[in-house]
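Residue numbers (the working numbering): 32 to 306.
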């Protein structure tokens, strides 16, 4: 119910933002519109919080406040930090830093993978609730820890895009929602349409790494190269698995003139790791 109200308020705000002021009294019209939003939003959200208390993003148990995990889920999350491989972010063990053997042998084109948590039973619940359950408030939960992992020197956030047909079916792009939260917290601007997915791609789940790379080849295009030229771009997504999608995005951004492209995500798959 809370997310339904949130979606309704987001749509109402979007309609209001697109509406043109009537007549010469534009200031009065804008004031009346903002006042009406506040009057409607306050009681609705208060009623929602009274009727349905905040719940843990991991297990849906009631918690004290929005975007907080219960002690059990919190203890099972494995938060990642700046230690580990300086390029791909994989933990090296015993607090070591530097670069892993894979990145030394075959340096990737991206400027680093910055994930908030390791993928596992609790971490994966958030993208599932967001993408398939329509719980858009979860995007804010994910954005907080991600903002703390923002790569230094970032100029611009660009979310991984959805194809228009998938966007139409889902109603939103989860990477855009997460990116908006990260942008508000970090102050780094976001170009929500910086990339376009020009070709529909199949679901990558269950495909081999080679099949994934083939599926996303030529699937992305930079909307306006002038926006990314010379910029240190941060690509925003929810989960990093094999890197096929992110890699395809990195390639087209660098080809368009981006100075560098780092990857920022909620969770990344680490072989043999759980929550």
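For each residue, glycine too, the CB sits at the ideal point set by N, CA and C.
Residue 133 and residue 260 have their alpha carbons spaced roughly 29 Å apart. DSSP lists 295 as the beta-bridge partner residues of residue 145.
A contact is defined here as three or more CB-CB pairs under 8 Å, and the region 202-216 fails this definition with respect to the region 244-260. With a cut-off of 8 Å on Cβ pairs, the region 263-280 is not in contact with the region 94-102, counting fewer than three such pairs. Within the region 169-241, the complete alpha helix (DSSP H) runs of at least 4 residues fall at 169-178, 195-201 and 205-217. Under the three-state reduction of DSSP output, residue 278 falls in the helix class. By the C-beta density criterion, residue 163 is exposed, having fewer than 16 other C-beta atoms within 10 angstroms. DSSP places residue 258 within a helical segment (H, G or I) once states are collapsed to three. In this structure, residue 271 lies near residue 300, with their beta-carbon atoms less than 9 Å apart. Around the beta-carbon of residue 154, 16 or more other beta-carbon atoms lie within 10 Å, marking it buried. Within the same chain, 226, 251, 252 and 253 come within 8 Å of residue 283 by CB-CB distance, once the 5 residues on both sides are set aside. Distances from the alpha-carbon of residue 168 to those of 290, 88, 188 and 185 put 88 closest. Boundaries of the alpha helix (DSSP H) harbouring residue 160: 156-162, taken from the DSSP string.
Secondary structure of residue 89 (DSSP, three-state): coil. In this structure, the CA atom of residue 84 is about 15 Å from the CA atom of residue 166.
Annotation for residue 234: no residue places its beta carbon closer than 8 Å to its own, counting only its chain and skipping 5 residues before and after. Taking the C-beta atoms as reference points, residue 255 is found no nearer than 9 Å to residue 219. DSSP places residue 135 within a helical segment (H, G or I) once states are collapsed to three. Around the beta carbon of residue 112, fewer than 16 other beta carbons sit within 10 angstroms, so the residue counts as exposed. Shortest Cα-Cα distance from residue 194 to any of 146, 224, 245 and 131 involves 224.
If the five residues before and after residue 145 are omitted, its C-beta is found closer than 6 Å to the C-beta atoms of 180, 182 and 295, all from its own chain and listed in chain order. Cβ-Cβ distances below 6 Å link residue 119 to 134 and 144 in the same chain, with the five nearest sequence neighbours on each side left out; the list follows chain order.
Beta-bridge annotation (DSSP): residue 98 is not paired with any residue. In the DSSP annotation of this structure, the continuous segment of the beta strand (DSSP E) that includes residue 271 starts and ends at 263-271. Cβ-Cβ separation between residue 178 and residue 216: approximately 4 Å, consistent with a contact (criterion under 8 Å). The beta carbon of residue 280 sits closer than 7 Å to the beta carbons of 191, 226, 251 and 266 from its chain, once the five residues preceding and following it are set aside; these are given in chain order.
Taking C-beta separations shorter than 8 Å and ignoring five residues to either side along the sequence, the partners of residue 196 in its chain run 231, following chain order.
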